[in-house]
Structure formats: C-alpha cells, structure tokens
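Below is one structure, written out as structure tokens; the observations come after it.
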Amino acid sequence: MKIGILETGAPPPGLVERFGDYGAMFRDLLGPGYDYVSYDVAAGKLPGAADEAQAFLITGSSAGVYDDLPWIAPLGDFLKSVRGRVPLVGVCFGHQMMAEAFGGKVIKSPKGWGVGLNRYMVEKHADWMDGGDTLAVPGSHQDQVVELPPGVEVLAGSDFCPYGLLDYPGDKAMSVQLHPEFKPPYAQALIEARRGSRYTEAQADTAIASLQLPNDNARLGGWIGDFLARSVG
Numbered sequence: 001m002k003i004g005i006l007e008t009g010a011p012p013p014g015l016v017e018r019f020g021d022y023g024a025m026f027r028d029l030l031g032p033g034y035d036y037v038s039y040d041v042a043a044g045k046l047p048g049a050a051d052e053a054q055a056f057l058i059t060g061s062s063a064g065v066y067d068d069l070p071w072i073a074p075l076g077d078f079l080k081s082v083r084g085r086v087p088l089v090g091v092c093f094g095h096q097m098m099a100e101a102f103g104g105k106v107i108k109s110p111k112g113w114g115v116g117l118n119r120y121m122v123e124k125h126a127d128w129m130d131g132g133d134t135l136a137v138p139g140s141h142q143d144q145v146v147e148l149p150p151g152v153e154v155l156a157g158s159d160f161c162p163y164g165l166l167d168y169p170g171d172k173a174m175s176v177q178l179h180p181e182f183k184p185p186y187a188q189a190l191i192e193a194r195r196g197s198r199y200t201e202a203q204a205d206t207a208i209a210s211l212q213l214p215n216d217n218a219r220l221g222g223w224i225g226d227f228l229a230r231s232v233g
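Heads up: the sequence shown at position 114 corresponds to 114 in UniProt numbering, and the numbers run straight through without jumps.
Below you can see the structure in the form of structure tokens.
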C-alpha cells in the first residue's frame, strides 16, 4: 500500500535534526509495511490526482485552518475532491482540516491548550478499534472541532475535547486530535521549546510530568493501520 503523507507543517527549528520531520515520525509509527510518498503542502505541493497513493494522511501543523495562508484552501479542495474515493486519515491539524472541509467548524478554543498526555473516553468502537474504554496519547492543540460535519460519528473524546476521534462512515475516513506519532522525548522537547511563550511554566511542568505515564501511541497507530487495511481495496 502506498500512503501519501500530506505534510502541513514541521517541528520547530532544532528539533528536526534530533527527531526527524513529521513524515519520518509517521513512517516510524506505521512501520515498514507501506510505501510512502510525502508532499510539502505548506510549500504548495499537493498530489496531482487521487490515484497517486492508495491512502492519504494529513499531518499536524502550527497553522490554523482559518488562517489566511495560500495553501489551506487548495488543501481543502483536494480533500473534497478525493473524499469517498481514497481513504483519509487526519491527525491534529489534519483532523481539523477534514472537519472544516467537510462541513464542520473549527475555532481557537477559549479552553486553552491541551498539552501533555491527554486521556479520552471511548464512546463507540469502530471495527478497526480494540475494545478498550480509554485512550491516552500526547496532545498539542488549542484549536478544536466544535461543530461536526454531517453524518460524522464521535468515537472518543474528553470534557476538554469532546470531538477527539471521528469516523466518517461511508467515506473511508477517520481523524484524531491527538498525536500518536509524538514519542514522549519529542513531545517533551516540543513543550520545552514553547515554554514561556505558548505555555506557562506551570503548564509546561504538568504536561511534561504527564508524559511519564504509559501511553497508547502504538495502540492508536495500530488502529490507523487496521483502518487502512480495511479501507483500501
């Protein structure tokens, strides 16, 4: 299976050299059982056609879906053009971009930042999920989906982020607000890079402490892999 990784952002300066870019993080999460092709969407690069890959994954970004950036509208148009034709997976910004493109709404939440290990309650199990009742994975977001696209099902969320894991029945699409590709060392380094600017000292300390707890990164990566296996073909 060829997966097209739509890279909508990059780690802050200094972290790419230590941890790789987002494409590398997803290749590590999903493993060597796929062919991968990456597109620098933030530089204006998009697939020329839906059949350039058998599935597309939209990464996280420091941008907001509502930002006046020249690459955001074309990305939304591309997602609309392939919806239902090719499996789609959205992560963080990708989760928000899919919701916005398909008729939902995303805002900068007044609740503030969700950072560190975030725990969701599973409300419904899709056939590509296991039977667990909770999901604990690093998060790093202030923007949130606040209105769902028509027909979308909520699979998991929290009081802080109710629409955390979404399924698009019939469209071969799923998305998640959390970051299964963020291993704890990278998640901690990202928090440190933003300490005092995006996060207060207390927020940063609490978030970093939470990353010492067990996480479900590999489990969520397995869900994505099972989703892709069931959706392609």
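Cβ atoms here follow ideal geometry from the backbone N, Cα and C, with glycine treated the same way.
Q.
Using a Cβ distance threshold of 8 Å, determine whether the segment 90 to 99 contacts the segment 166 to 183, with at least three qualifying pairs required.
A. yes
Q) From residue 78 to residue 84, what does the alpha carbon distance come to, in whole angstroms? A) Within the sequence shown, numbered from 1, the residue matching residue 78 stands at position 78. Within the sequence shown, numbered from 1, the residue matching residue 84 stands at position 84. Cα to Cα, the separation comes out at about 12 Å.
**Q.** Segment limits, beta strand (DSSP E) that includes residue 81
**A.** Within the sequence shown, the letter at position 81 stands for residue 81. Taken as a continuous stretch (DSSP letters only), residue 81 belongs to no beta strand (DSSP E), being part of the alpha helix (DSSP H) at 72 to 82.
Q. Thinking just about the alpha-carbon of each residue, which of 57, 112, 132 and 17 is nearest to the one in residue 29?
A. What you label residue 29 is simply residue 29 of the sequence shown in a count that begins at 1. Selected option, being the one with the closest Cα: 57.
Q | Distance between residue 132 and residue 152 (C-alpha atoms, nearest Å) | A | As a working note, residue 152 is residue 152 in the sequence shown. As a working note, residue 132 is residue 132 in the sequence shown. Computed Cα separation, rounded: 21 Å.
Q: Kindly give me the distance between the Cβ atoms of residue 163 and residue 137, rounded to whole angstroms, as I take these residues to be in contact under 8 Å.
A: As a first step, residue 163 is located in the sequence shown; it is residue number 163 there, counting from the start. As a first step, residue 137 is located in the sequence shown; it is residue number 137 there, counting from the start. With 8 Å as the limit, residue 163 and residue 137 do not qualify as a contact, their Cβ atoms being about 15 Å apart.
(Q) So, under 8 Å CB-CB, residue 103 and residue 150 are touching, yes? Tell me the CB distance rounded to an integer number of Å. (A) Locating residue 103 in the sequence shown gives position 103, counting from the first residue. Locating residue 150 in the sequence shown gives position 150, counting from the first residue. About 6 Å separates the two Cβ atoms, so the contact holds.
Q: Taking 8 Å as the cut-off, decide whether the C-beta atoms of residue 19 and residue 189 are in contact.
A: By one-based count along the sequence shown, residue 19 stands at place 19. By one-based count along the sequence shown, residue 189 stands at place 189. Contact: yes.
Q. Considering only residues of the UniProt domain "Glutamine amidotransferase" (77 to 184), which uninterrupted alpha helix (DSSP H) runs meet the minimum length of 4 residues and lie entirely inside it, listed in chain order?
A. 93 to 101
Q: Below 8 Å CB to CB, which residues in the same chain sit around residue 50 once its five sequence neighbours on both sides are set aside?
A: Mapped onto the sequence shown, residue 50 falls at position 50. Result list for residue 50: 81, 82, 85 and 86, in chain order.
Q: Taking the CB atoms as reference points, tell me whether residue 208 and residue 114 lie closer together than 8 Å.
A: For this step, residue 208 is matched to residue 208 along the sequence shown. For this step, residue 114 is matched to residue 114 along the sequence shown. Contact flag unset, no.
Q. What residues match up with residue 35 in a beta bridge as DSSP calls it?
A. On the sequence shown, residue 35 is found 35 positions in, with the first residue counted as 1. Answer is 2.
Q.
What residue range does the alpha helix (DSSP H) around residue 229 cover?
A. Numbered from its first residue, the sequence shown carries residue 229 at position 229. Segment 217 to 231, the alpha helix (DSSP H) holding residue 229.
Q. Whole-angstrom Cβ separation of residue 89 and residue 224, contact assumed at under 8 Å?
A. For this step, residue 89 is matched to residue 89 along the sequence shown. For this step, residue 224 is matched to residue 224 along the sequence shown. Yes, residue 89 and residue 224 are in contact; Cβ-Cβ is about 6 Å, under 8 Å.
Q) Cα separation between residue 63 and residue 52? A) Position 63 of the sequence shown holds residue 63. Position 52 of the sequence shown holds residue 52. Rounded to the nearest angstrom, the two C-alpha atoms are 25 Å apart.
Q) What's the call for residue 213, buried or exposed, on a 16-neighbour Cβ count within 10 Å? A) Here residue 213 corresponds to residue number 213 of the sequence shown, with the count starting at 1. When all chains shown are included, residue 213 counts as exposed.
Q.
I want to know whether the segment 41 to 50 touches the segment 215 to 229 - three or more CB-CB distances under 8 Å.
A. no
Q. So, residue 73 versus residue 122, is the Cβ gap smaller than 8 Å?
A. As a working mapping, residue 73 is identified with position 73 in the sequence shown. As a working mapping, residue 122 is identified with position 122 in the sequence shown. No, Cβ-Cβ distance for residue 73 and residue 122 is not below 8 Å.
**Q.** Extent of the continuous alpha helix (DSSP H) to which residue 57 belongs
**A.** What you label residue 57 is simply residue 57 of the sequence shown in a count that begins at 1. Run containing residue 57: none in the alpha helix (DSSP H); it sits in the beta strand (DSSP E), 55 to 58.
Q. Going along the chain, which residues of its own chain have a beta-carbon closer than 6 Å to the beta-carbon of residue 93, five neighbours each way excluded?
A. Here residue 93 refers to the residue found at position 93 of the sequence shown. Same-chain partners within the cutoff: 8, 60 and 61.
Q) When the Cα of residue 46 is compared with those of 33, 13, 5 and 66, which residue comes out closest? A) Start at 1 with the first residue of the sequence shown, and residue 46 comes out as number 46. Comparing Cα-Cα distances from residue 46 to each of 33, 13, 5 and 66, the minimum goes to 5.
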